[in-house]
Amino acid sequence: MFSGRRIVVVVPAFNEAQKIARTVRSVPGFVDHVIVVDDSSTDGTPRIARRSQRRGLEVLSHQRNRGVGAAIATGYARACALGADVTAVMAGDSQMDPADLAALVGVVVSGRADYAKGNRFAWPGVCRVMPLHRLVGNFVLSHLTRLASGYTHLFDSQCGYTAANRRALDAIAAGPVFPRYGYPNHLLVRLAAVGARAVDVPVRPVYGPAWRSGIRISRVLVPLGLLLVRAFCARLRRSFARRLWRSQTLAELPPT
Ligand SMILES: Nc1nc2c(ncn2[C@@H]2O[C@H](COP(=O)(O)OP(=O)(O)O)[C@@H](O)[C@H]2O)c(=O)[nH]1
Ligand SMILES: [Mg+2]
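Per the working numbering, the sequence shown starts with residue 4, numbered consecutively.
In structure tokens:
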């Protein structure tokens, strides 16, 4: 519990046998439930996760690999069923500092936001820690996601360290989520469309010597680019419809 609220952490994990136990054990004590969502890992990830024996731990497995976005959607659905007030996401590879979780959850619990996400660019020295190609890719995608969503106050769109309240989860669950690595961008676009309040919280970038990533940019680029273009067009349509409605309403008012 955190200020009397039920907190759930969703941990997507694919072939994380080396790191999943450490990740699960590192989740702060105020978290009531930890849901690991495995995706047909071939290295024993779910078995090792179960052995961590953390209080409130559940391990779910997809029958076939469906992607990190789909795994998070599965975790969100389970969190709702468990009556979560706030649901956070932490990667299964220990790349998210547990010390930052209270700040993310706190912003949502206090009612200042429906959705809080990490911003590693707000961390001093990020340029020394994050690999150059990641800095550049993230910079470009963050700007495109700002345009597509209208959340011009947010940055680091690719940071998956997040906390969401029930309103945000309901908005996310309104349709299928981008199943693979473009999911953080898709969630922001969907939340913006319903007027959810989203904020950035500074979090520490973690890139150890054994750092690796499953992202294959060549596979993500086209579908993610299309998603952002479509979202941008939908935002323009919404804004146009709003302006039209406003001008018609003004025209119908009697002259003063
Ligand atoms: N369930 C599930 N988790 C995944 C999948 N792909 C990646 N993940 C997990 O998502 C988290 C982030 O993935 P990673 O490749 O490290 O991305 P990066 O940290 O942004 O470079 C890690 O915990 C992965 O194990 C997947 O297909 N299914
Ligand atoms: Mg990672």
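Here a beta-carbon is modelled for each residue, glycine too, at the ideal position from N, C-alpha and C.
In the DSSP output, what is residue i paired with across the bridge?
| i | result |
| --- | --- |
| D203 | K120 |
| F142 | For F142, which the question treats as bridged, DSSP gives no partner whatsoever. |
| P15 | V40 |
| V89 | I10, N168 |
| H61 | A quick correction: the sequence has Glu, not His, at residue 61. For E61, which the question treats as bridged, DSSP gives the partners I38. |
| F5 | R8 |
Using CA atoms only, rank isn't needed, just tell me which of the options is closest to residue i.
| i | options | result |
| --- | --- | --- |
| V223 | R28, M99, E19, G70 | G70 |
| N122 | L135, N168, A199, S145 | S145 |
| V197 | A174, R215, V92 | A174 |
| S44 | F158, R57, F17, R53 | F17 |
| I218 | P258, L231, H136 | H136 |
| G185 | C162, S113, F235 | C162 |
| S29 | L150, A102, W214 | A102 |
| S97 | G86, P258, L231, A24 | A24 |
| V132 | V206, T155, A84, G78 | V206 |
| A91 | I51, F142, V139, F33 | F33 |
| G95 | S55, A106, G178, V139 | S55 |
| P182 | V62, Y210, D42, R245 | D42 |
| V40 | R9, L229, Y79 | Y79 |
| E19 | D35, T48, P31 | T48 |
| P31 | R170, A105, A74, N68 | A105 |
| L172 | P226, F158, D117 | D117 |
Does residue i pass the burial test, meaning 16 or more other C-beta atoms within 10 Å, or should it be called exposed?
| i | result |
| --- | --- |
| S160 | buried |
| G153 | buried |
| I220 | exposed |
| D88 | buried |
| T26 | buried |
| R115 | exposed |
| L60 | buried |
| S113 | exposed |
| G72 | buried |
| F243 | exposed |
| F124 | buried |
| P208 | buried |
| A237 | exposed |
| V139 | exposed |
| V180 | buried |
| A249 | Here the sequence assigns Arg to residue 249, which means Ala is not the residue at that position. Classification for R249: exposed. |
| D46 | exposed |
| L227 | buried |
| P134 | exposed |
| L247 | exposed |
| R193 | buried |
| V225 | exposed |
| V14 | buried |
If I'm right that residue i touches residue j with Cβ under 8 angstroms, what's the distance once you round it to whole angstroms?
| i | j | result |
| --- | --- | --- |
| A119 | V204 | 5 angstroms |
| T165 | L107 | 7 angstroms |
| A199 | R170 | 7 angstroms |
Which value, in whole angstroms, describes the spacing of the CA atoms of residue i and residue j?
| i | j | result |
| --- | --- | --- |
| S64 | G7 | 30 angstroms |
| T252 | R241 | 16 angstroms |
| T148 | C83 | 27 angstroms |
| R57 | M4 | 15 angstroms |
| L191 | A234 | 10 angstroms |
| T155 | V202 | 11 angstroms |
| R9 | G86 | 7 angstroms |
| N141 | P187 | 12 angstroms |
| V37 | A52 | 11 angstroms |
| V111 | P257 | 43 angstroms |
| A213 | A177 | 38 angstroms |
| D100 | Y210 | 11 angstroms |
| M93 | V143 | 23 angstroms |
| A76 | C130 | 31 angstroms |
| A74 | L239 | 31 angstroms |
| R50 | Q21 | 12 angstroms |
| E255 | H189 | 38 angstroms |
| L260 | L157 | Since the first residue shown for the chain is 4 and the last is 259, residue 260 is missing from the structure and cannot be characterised. |
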